[in-house]
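According to my numbering, the residues represented by the sequence shown are 3 to 243, in order.
Glycine included, every Cβ here is placed at the ideal spot set by N, Cα and C.
Keep in mind the model is a prediction, meaning the values are calculated, not measured.
For reference, the structure discussed in these notes is given below.
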Amino acid sequence: MAELVFFSGTMDCGKSTLALQMDHNHRARGRGGVRFSRNDRAGDSTISSRLGLQTDAVEVEDRTDFWDEVVIRRTSGLRVDYLICDEAQFYSPAQVEQLARVVDEMDVDVFAFGITSDFRTRLFPGSQRLIELADKVQVLQVEALCWCGRRATQNARTLNGIMVVEGEQVMVGDVASTAGDTDSRDRTDAGVVGYETLCRRHYMRRVTAHGAHLMAGGDQPLPFDIDACLWPGAGQPGQQL
């Protein structure tokens, strides 16, 4: 039986690498498939991995209908046994429903890969619908790390190195972009857009690697590394921290 499987995780956890590996494995066994992507960092009609792997794909647009995409290919004599759908968080809920219909009525496997939540910790509409409809939701085992070494669970957006929590949901940028390591896709009128994976603790405190470096360079220790229980006078009546 065909399945709709959603592979999710934060940025930098190997989603696109796994998408390319799965495509290779299925093709090696004689299965026919179609690769889809949207807003890939490397450009349109591409699936790329930060490990350097890259291949062509069909660019998903607002008007893309996955049912029609499969029908057109099958009526042209092409074999379609599975779909690889990268950057699925950018798909619309209606497109996710089309993918579910392709699975149920055409017996085509759909393997979707995407980020669950945006830089505001809100679910992407496409990811939300995938979680609601998928036969399986698998969190990738390769853990992205925060600058502090803890497991990263949040995707943070930076503007000129400073974390921001407001703005458009979709804005192209790269992980750990810096002023000296960007291209035209990273730059907006407001400055350089970048992304960084953070643990919940540092996301909530708005402390990125850049911010931690600046704070650590001063004479004062980072306030969240101080154990309040060991503060002089802590716990004594009348004492305030």
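Classify A146 as buried or exposed, calling it buried when 16 or more other Cβ atoms lie within 10 Å of its own Cβ.
Within the sequence shown, numbered from 1, the residue matching residue 146 stands at position 144. Buried: at least 16 other Cβ atoms inside 10 Å.
Please list, in chain order, all residues of the same chain as R122 whose beta carbon is under 6 Å from its beta carbon, the five residues on each side excluded.
In the sequence shown, the residue the question calls residue 122 occupies position 120. V167, listed in sequence order.
Using the beta-carbon count (16 or more within 10 Å), is N276 buried or exposed?
With the chain running from 3 to 243 in the structure shown, residue 276 is simply not present.
Roughly how many angstroms lie between the CA atoms of R81 and R33, to the nearest whole one?
Locating residue 81 in the sequence shown gives position 79, where the first residue counts as 1. Locating residue 33 in the sequence shown gives position 31, where the first residue counts as 1. Cα-Cα distance, rounded: 8 Å.
Checking 7 Å against the spacing of the C-beta atoms, do L22 and L55 come in under that value?
For this step, residue 22 is matched to residue 20 along the sequence shown. For this step, residue 55 is matched to residue 53 along the sequence shown. The answer is yes: Cβ separation under 7 Å.
Whole angstroms is fine: what's the gap from E99's alpha carbon to L135's?
For the purposes of this step, residue 99 is taken as the residue at position 97 of the sequence shown. For the purposes of this step, residue 135 is taken as the residue at position 133 of the sequence shown. Rounded to whole angstroms, E99 to L135 spans 8 Å at the Cα level.
At what residue ranges does the region 25–57 contain a whole run of the beta strand (DSSP E), taking only runs of 3 or more?
You should have 35–39 and 48–50.
For M24, which option in T57, S47, A44 and D14 has the closest C-alpha, if you only look at C-alpha atoms?
Within the sequence shown, numbered from 1, the residue matching residue 24 stands at position 22. Ranking the options by Cα distance to M24, first place goes to T57.
Taking the continuous alpha helix (DSSP H) assigned at A96, which residues delimit it?
Here residue 96 is taken as the residue at index 94 of the sequence shown, counted from 1. It spans P95 to M108 - the alpha helix (DSSP H) in which A96 sits, taken as one unbroken run.
In whole angstroms, what separates the C-alpha of A181 from that of V62?
Numbered from 1 along the sequence shown, position 179 holds the residue referred to as residue 181. Numbered from 1 along the sequence shown, position 60 holds the residue referred to as residue 62. Its pLDDT being 42, under 50, A181 is placed unreliably in this model, and the value from its coordinates should be taken loosely. Going by the C-alpha atoms only, they are around 30 Å apart.
Compute the Euclidean distance between the alpha carbons of Y205 and G79, then round it to the nearest angstrom.
Counted from its first residue, the sequence shown places residue 205 at position 203. Counted from its first residue, the sequence shown places residue 79 at position 77. Near 50 Å, if we compare the C-alpha coordinates of G79 and Y205.
Pull up the CB-CB distance for I49 and R31, whole angstroms please, since I reckon it's below 8 Å.
As a first step, residue 49 is located in the sequence shown; it is residue number 47 there, counting from the start. As a first step, residue 31 is located in the sequence shown; it is residue number 29 there, counting from the start. 20 Å between Cβ atoms; not a contact.
Would you mind reading off the limits of the beta strand (DSSP E) that contains F113?
Reading the sequence shown from its first residue, position 111 is the one you call residue 113. Looking at the DSSP string, the run of the beta strand (DSSP E) that includes F113 is D111 to I117.
Could you tell me the boundaries of the beta strand (DSSP E) in which G128 lies?
Here residue 128 refers to the residue found at position 126 when the sequence shown is read from its first residue. Taken as a continuous stretch (DSSP letters only), G128 belongs to no beta strand (DSSP E), being part of the alpha helix (DSSP H) at P127 to L135.
Between the alpha carbons of D183 and D46, how many angstroms are there, rounded?
Numbered from its first residue, the sequence shown carries residue 183 at position 181. Numbered from its first residue, the sequence shown carries residue 46 at position 44. With a pLDDT of 48 at D183, under the threshold of 50, the predicted position of this residue should be treated as unreliable, and no value is reported.
Using only the alpha-carbon positions, how far apart do R76 and T210 sit?
The residue given as residue 76 occupies position 74 in the sequence shown. The residue given as residue 210 occupies position 208 in the sequence shown. Taking the straight line from one Cα to the other gives about 48 Å.
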